[in-house]
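A.B. asks: Heads up, the sequence shown is in this note's numbering, so the first residue is 128 and it goes up one at a time. From the three backbone atoms N, C-alpha and C, an ideal C-beta is built for every residue, glycine too. All values derive from a computational prediction rather than experimental measurement. Supplied in structure tokens, the structure appears directly below.
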Amino acid sequence: MTALQTPAPDAPAEEWGALAVSIPDWRWPWTCSHTEVCPPMPGFVWLEGAWCYTDDITSAARIRVSPDPDHWAWEGWLRRMLGDTFAHISTDGDGYVACIIVDGDTMEGTGRTIGRAAIAAAGTNGRWPGGGE
């Protein structure tokens, strides 16, 4: 796969979230159909032409949704999306570095939050290694 361009380190969370869902093999954390009420998960929703923060995403079929990579509740899911290739996340003082190992190659992604680092690592790989399971 080809590495994807990540947003600027200080780009808004919405840009990073939009990248996360556009990377091949992305999966949402819920398994219910979008006609049911899904478990609440914080993030951003697109309402009336603007991104709005919400703590309760329950109508994904009616609105575009993007994960909030800076919110602690998304960290675990974004790490899980790195799958079995996930090696570790460390801090370099300015942010975080997520390392994954795919086919014997070590790939890194950096970001000011753990979520952004995980997205950057998946972008470096060109897909979510733990997606599509």
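Return the Cβ separation of alanine 140 and aspartate 211 in integer angstroms, given the expectation that the two are a contact with Cβ distance under 8 Å.
C.D. replies: Here the question's residue 140 lines up with position 13 in the sequence shown. Here the question's residue 211 lines up with position 84 in the sequence shown. Not quite, the Cβ-Cβ distance comes to about 27 Å (not below 8 Å), so this is no contact.
A.B. asks: Might you give, ordered along the chain, the residues of its own chain that have their beta carbon closer than 8 Å to the beta carbon of isoleucine 216, omitting 5 neighbours on each side?
C.D. replies: Here the question's residue 216 lines up with position 89 in the sequence shown. Once the five neighbours on either side are set aside, the close Cβ partners of isoleucine 216 are Arg206, Tyr223, Val224, Ala225, Cys226, Ile241, Ala244, Ala245.
A.B. asks: According to DSSP, is glycine 231 helix, strand or coil?
C.D. replies: For this step, residue 231 is matched to residue 104 along the sequence shown. Residue state, collapsed to three classes: coil.
A.B. asks: State the DSSP-derived secondary structure class of alanine 244, mapped to helix, strand or coil.
C.D. replies: Locating residue 244 in the sequence shown gives position 117, counting from the first residue. Alanine 244 falls in the helix class under three-state DSSP.
A.B. asks: Measuring straight from C-alpha to C-alpha, what distance separates leucine 209 and isoleucine 150?
C.D. replies: For the purposes of this step, residue 209 is taken as residue 82 along the sequence shown, with counting starting at 1. For the purposes of this step, residue 150 is taken as residue 23 along the sequence shown, with counting starting at 1. Taking the straight line joining both Cα atoms gives about 12 Å.
A.B. asks: Evaluate threonine 251 with the Cβ neighbour count: other Cβ atoms within 10 Å of its Cβ, from every protein chain shown; 16 or more gives buried, anything less gives exposed.
C.D. replies: What you label residue 251 is simply residue 124 of the sequence shown in a count that begins at 1. By the 10 Å Cβ count, threonine 251 comes out buried.
A.B. asks: So, with DSSP's three-state summary, where would you put alanine 214?
C.D. replies: Taking the first residue of the sequence shown as position 1, residue 214 is located at position 87. DSSP places alanine 214 in strand when its eight states are reduced to three.
A.B. asks: Along the alpha helix (DSSP H) that carries arginine 154, what are the first and last residues, could you check?
C.D. replies: Locating residue 154 in the sequence shown gives position 27, where the first residue counts as 1. Counting along the chain, arginine 154 falls outside any alpha helix (DSSP H), and DSSP gives it neither H nor E.
A.B. asks: Are the CB atoms of alanine 145 and serine 193 nearer to each other than 8 Å?
C.D. replies: The residue given as residue 145 occupies position 18 in the sequence shown. The residue given as residue 193 occupies position 66 in the sequence shown. In this structure, serine 193 lies closer than 8 Å to alanine 145 by Cβ.
A.B. asks: Using the Cβ count rule (16 or more neighbours within 10 Å means buried), how would you classify alanine 130?
C.D. replies: As a position in the sequence shown, residue 130 is number 3, starting the count at 1. Exposed, since its Cβ has fewer than 16 Cβ neighbours within 10 Å.
A.B. asks: Buried or exposed, going by whether 16 or more other CB atoms sit within 10 Å of the CB of alanine 147?
C.D. replies: For the purposes of this step, residue 147 is taken as residue 20 along the sequence shown, with counting starting at 1. By the 10 Å Cβ count, alanine 147 comes out buried.
A.B. asks: Quick check: alanine 247 and glycine 238, are their CB atoms within less than 8 Å of each other?
C.D. replies: The residue given as residue 247 occupies position 120 in the sequence shown. The residue given as residue 238 occupies position 111 in the sequence shown. In contact: alanine 247 and glycine 238 (Cβ atoms closer than 8 Å).
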